[in-house]
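This report concerns only the one structure given below.
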Amino acid sequence: MGLEFGHNLGLRRALRGLPLSPLVPGYGRLVARQRALGLRHIGDALVERGRVLGVLDGVFEEGGARRRQHIGADRLRQLGAARGGAYGPLLAQLEAVQLQDPAALRRILLYQLVELLQAHPQGADPATAVALGVCPQEAGPLVRVAAAHLRLDGEQRRAVEELADAWADGKVRRAAGLAALLPAGGGGDALLRRRLAEIAERVKEADDALDAAREAEKAGDARAAEDCMLRAARLASDCPRALLGLVRLHRAGGGAGVGAGPAAGGEKPGPAAVYDEGARPREVLTVLPAPEAVTVALSPAPPAADAANGRRVVRLTRVPGGPTGITEITDLSPAGGWVDPSPPFGQEVRYAALPLRDGRIDGPPVVSDVLLVAPDVSGLRSTTGRGRIEATWTEPSGALGVRAQLVGSAGPVGGAEVRTGALTATGLGVGAYVLRVRCRYRSPDGAVIESAGAEHPVSVDPWPTPVDRLDATAVHGAVRFSWSGGDDAEVRLVAWPAGPPEPGAELTDDPARPWPAPLPWAAGAGGGLVPPPGSVTRVSALAVLGPRAVAGPGLVVECPPAVAGARVERVGGGRARVTFDWPAEAGEVAATVEQDGASTVHRVVARSTYVREGLYVDVAPSAFSVTLSAAPRTPDAVVVPPPGGAVRVPADIAVSYRIVPGARRALRRGPSLLRVTLSCPGEVPADLPEFVLVARSGNGRDPVRPRTPTDGTTLLRVGGSTLTPGSPVELPVPSGLRPPYALRGFLLGEGAADVRLDEPSPTTLVVR
752 MGLEFGHNLG LRRALRGLPL SPLVPGYGRL VARQRALGLR HIGDALVERG
802 RVLGVLDGVF EEGGARRRQH IGADRLRQLG AARGGAYGPL LAQLEAVQLQ
852 DPAALRRILL YQLVELLQAH PQGADPATAV ALGVCPQEAG PLVRVAAAHL
902 RLDGEQRRAV EELADAWADG KVRRAAGLAA LLPAGGGGDA LLRRRLAEIA
952 ERVKEADDAL DAAREAEKAG DARAAEDCML RAARLASDCP RALLGLVRLH
1002 RAGGGAGVGA GPAAGGEKPG PAAVYDEGAR PREVLTVLPA PEAVTVALSP
1052 APPAADAANG RRVVRLTRVP GGPTGITEIT DLSPAGGWVD PSPPFGQEVR
1102 YAALPLRDGR IDGPPVVSDV LLVAPDVSGL RSTTGRGRIE ATWTEPSGAL
1152 GVRAQLVGSA GPVGGAEVRT GALTATGLGV GAYVLRVRCR YRSPDGAVIE
1202 SAGAEHPVSV DPWPTPVDRL DATAVHGAVR FSWSGGDDAE VRLVAWPAGP
1252 PEPGAELTDD PARPWPAPLP WAAGAGGGLV PPPGSVTRVS ALAVLGPRAV
1302 AGPGLVVECP PAVAGARVER VGGGRARVTF DWPAEAGEVA ATVEQDGAST
1352 VHRVVARSTY VREGLYVDVA PSAFSVTLSA APRTPDAVVV PPPGGAVRVP
1402 ADIAVSYRIV PGARRALRRG PSLLRVTLSC PGEVPADLPE FVLVARSGNG
1452 RDPVRPRTPT DGTTLLRVGG STLTPGSPVE LPVPSGLRPP YALRGFLLGE
1502 GAADVRLDEP SPTTLVVR
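Residue 1519, in the numbering used here, is where the sequence shown stops; the numbers in between run on with no holes.
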């Protein structure tokens, strides 16, 4: 077995030298998969760890128990099943390449190894090839021939890698352009040299067909000219002259075309056959412009058998003073047809659909009418308010801007504010309007053109005048509201459940967010409303006119919770002790004392202070009332005290009595006197109680004091009507009882509970 390149070894069509090009369709896709796996060359995917590659007379895996194994389609299939996962797509593509051309796998591997060696600083060292996975016996010959092999620059390498794809797709003009970048003789690569010769031959045949078409067109034979143009298009699918000639001739009235036999994979087309246009229904190519794209549809839709071969759709762009631009349209529309995702704004275009058979043009094209790519805005919508229209839209990305105009019954409306994608017009009267929006584009010759324009009708409806001020005053346990504005509307006082809208917000009757009902509070004194005790309510004004409303200002009304179990008693020293049951969730409680026509908040007490110290208020002897309420929790709220909660304490009326001993006369003391004194601030009430003096005798030396008015003998009675402040009543104490006995006074009558009895020391009430 020879160990140098040049021996006639290996498979049929095996290399006699190094390849200058992989010459494999889909090579770019293969390299992308290889690099995604982090592989240096395809050989890294072909051998197991610890084994090396033989490349002189084929592609072999060397090492292990079997020592040497050829890598063909079967081995690639085994590797794909064993590795799977991320390696699957790469190995499947290599298997397909190997089945189509048994020598292609070795061409690709050698092409990649030579590229790596030529780019490596030690590429002439056999150790570099060994490091790349080549078996040591073949590393030396490989690096020697790689060093002497033709080196390609970046542009040439791109040409040799893309050449096979261009040829397979029938893009002969592109293939010829790539071939022009390569050495004339193929750089010693026999297969490349043959392919370059085939390209040159195909280019000549296409040029000859174009020349024949031109001569036939000059002679007035449109049918022959179209046949020749169609042949040129089959020979070179990317020939702009052939494509434009087909479009021109067919629109000029050519009624027949040429059909073709199979011609796949860049092989030379077969002989032409006459295509009878009358065998198919007349087709129409329609275009539907959209803001960012153009949809192309063929009508009627091709039958299933015809659709299997497909259509080739191109866009022809007219460029003043320049060649017509040709752009392939490959995106399919979900609804059928094709989508041009990036049409040239401001330019005139046509679309042509050419029937295909086995990837080759199979007849004359169907051509659309001329379309000026100047789409209108999309999503044009509007909202209205009080004398206002607001509109929004989406402008195509290629537009220079828009010209928007609002037209009413009296003509165009001035003063509208137009900005990117929006318009606002205010101060409008009630009535119907039309909004017209036209997009502006720059044409190739520098002129500005406009779209046909989008129109949108809109009406301005009557709206209520909003409430501009809302006030509230607490009056006798109720709150009285007043406002200004809302003159032509029904003004509702409402509480929004999820927070009120901003004042001035315009609302329409929307079932998804209905307006709240008016406040359900009961009517109170003076036309006010009584809020529920313990409530904090954000009350807002709402001006309503039919199905439209405008939100107004609001304020907070708080009715603190009532305080239960209130009790008040005078404790002397001008003070009164207040007790009550602490209301739930209250942080503080306020005590308000009303006395002598004045109202003063004496104290606000926290719960901890109340539990620790109690609550005392300073009072005068006159009657007073104490009102207790939980302190407001909301700053700047209108506070409405809850009903009840006031405790009335009468004036401090006191009746005092004293036993005044009688004057001594010789050895005996005269009869004692009862002195009763009334102390009453202000006017004396008419229902003063009666005072009685009761005596109780005792069996022992210390008599027992009477406990009740009936617990003893009644000695004296003083009627309440006889008591006057500042004028004590004095009566002699009867002396019919035998000492010792104890005296005690009591107050009797309906007003007894409201009068304090000031008693003397008990020792002064014992008679011995």
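C-beta atoms are modelled at their ideal positions from N, C-alpha and C, and glycine is treated no differently.
Small disclaimer: the values here were computed from a predicted structure and weren't measured.
Legend entry - CA nearest to the CA of residue 1393, picked from 1294, 1312 and 790: 1312
Inset, instruction - Indicate the three-state DSSP secondary structure (helix, strand or coil) for residue 1509 in the structure shown. - result: strand
Inset, instruction - Check whether the segment 1078-1090 touches the segment 1150-1167, taking contact to mean three or more Cβ pairs, one atom from each stretch, closer than 8 Å. - result: no
Inset, instruction - Measure from the alpha carbon of residue 908 to the alpha carbon of each residue in 862, 877 and 923, then state which is nearest. - result: 862
Legend entry - Strand pairing of residue 1200, partner residues [DSSP]: 1192
Inset, instruction - Using only alpha-carbon positions, find the residue among 1039, 1088, 1102 and 1092 that is nearest to residue 1068. - result: 1102
Inset, instruction - Let me know the secondary structure DSSP gives residue 1310 once reduced to three states. - result: strand
Inset, instruction - List the residues that DSSP assigns as beta-bridge partners of residue 1376. - result: 1345 and 1399
Inset, instruction - Counting only the same chain and skipping the five closest in sequence on each side, list residues whose C-beta sits under 6 Å from that of residue 1319. - result: 1327, 1329, 1377, 1398 and 1400
Legend entry - Pairwise C-alpha distance: residue 1100 and residue 1121: 6 Å
Inset, instruction - Please report how far the alpha carbon of residue 1173 lies from the alpha carbon of residue 1135, in whole angstroms. - result: 13 Å
Inset, instruction - Would you mind sorting residue 1182 into buried or exposed? The rule is 16 or more other CB atoms within 10 Å of its CB. - result: exposed
Inset, instruction - State the Cα-Cα distance for the pair residue 1216 and residue 1176, rounded to the nearest angstrom. - result: 19 Å
Legend entry - beta strand (DSSP E) runs contained entirely in the segment 1441-1491, provided each spans 3 or more residues: 1441-1448, 1464-1469 and 1480-1483
Inset, instruction - Determine the extent of the beta strand (DSSP E) in which residue 1258 is found, giving its start and end residues. - result: 1257-1259
Legend entry - Cα-Cα separation, residue 731 to residue 1246: This structure leaves residue 731 out entirely; the chain is present only between 752 and 1519.
Legend entry - residue 1016 versus residue 859: straight-line alpha-carbon distance, rounded: Because residue 1016 sits at a pLDDT of 39, beneath the cut-off of 50, its placement in the model cannot be relied upon, and the point is left open.
Legend entry - Assumed close pair residue 1112, residue 1210 - CB separation to whole angstroms, cut-off 8 Å: Not really, about 55 Å apart at Cβ, beyond 8 Å.
Legend entry - Contact under 8 Å by Cβ, residue 890 with residue 872: no
Inset, instruction - With a 10 Å radius around its C-beta and 16 neighbouring C-beta atoms as the bar for buried, classify residue 850 as buried or exposed. - result: exposed
Inset, instruction - Counting only the same chain and skipping the five closest in sequence on each side, list residues whose C-beta sits under 7 Å from that of residue 1508. - result: 1406, 1496 and 1498
Inset, instruction - Below 6 Å CB to CB, which residues in the same chain sit around residue 1345 once its five sequence neighbours on both sides are set aside? - result: 1376
Legend entry - Which residues DSSP lists as bridging residue 876, in chain order: DSSP lists no partner for residue 876.
Inset, instruction - Indicate the three-state DSSP secondary structure (helix, strand or coil) for residue 1001 in the structure shown. - result: helix
Legend entry - Three-state secondary structure assigned by DSSP to residue 892: helix
Inset, instruction - For residue 898, collect the residues of the same chain with a Cβ closer than 6 Å to its Cβ; drop the 5 residues on either side in sequence, then sort them by chain order. - result: 875
Inset, instruction - Just tell me which of 1042, 1184, 1462 and 812 has its CA closest to the CA of residue 801. - result: 812
Inset, instruction - Give the DSSP-derived three-state secondary structure of residue 1130 in the structure shown. - result: strand
Inset, instruction - Determine which residues share a DSSP beta bridge with residue 1146 and list them. - result: In the DSSP output, where bridge partners are listed per residue, residue 1146 has none listed.
Legend entry - Beta-bridge pairing of residue 1075 - partner residues as DSSP gives them: Residue 1075 is not bridged to any residue.
Inset, instruction - Determine the burial state of residue 1362: buried for a count of at least 16 other Cβ atoms within 10 Å of its Cβ, exposed for fewer. - result: exposed
Inset, instruction - Mind the definition here: the segment 1219-1237 touches the segment 1383-1390 only if three or more C-beta pairs lie below 8 Å; say whether that holds. - result: yes
Inset, instruction - Check whether the segment 1233-1245 touches the segment 1257-1265, taking contact to mean three or more Cβ pairs, one atom from each stretch, closer than 8 Å. - result: no
Inset, instruction - With DSSP as the reference, please indicate the residues paired to residue 1063 in a beta bridge. - result: 1105
Inset, instruction - Count the CB pairs spanning the segment 975-991 and the segment 933-952 that are closer than 8 Å, and state whether there are at least three. - result: no
Inset, instruction - Taking the CB atoms as reference points, tell me whether residue 783 and residue 838 lie closer together than 8 Å. - result: no
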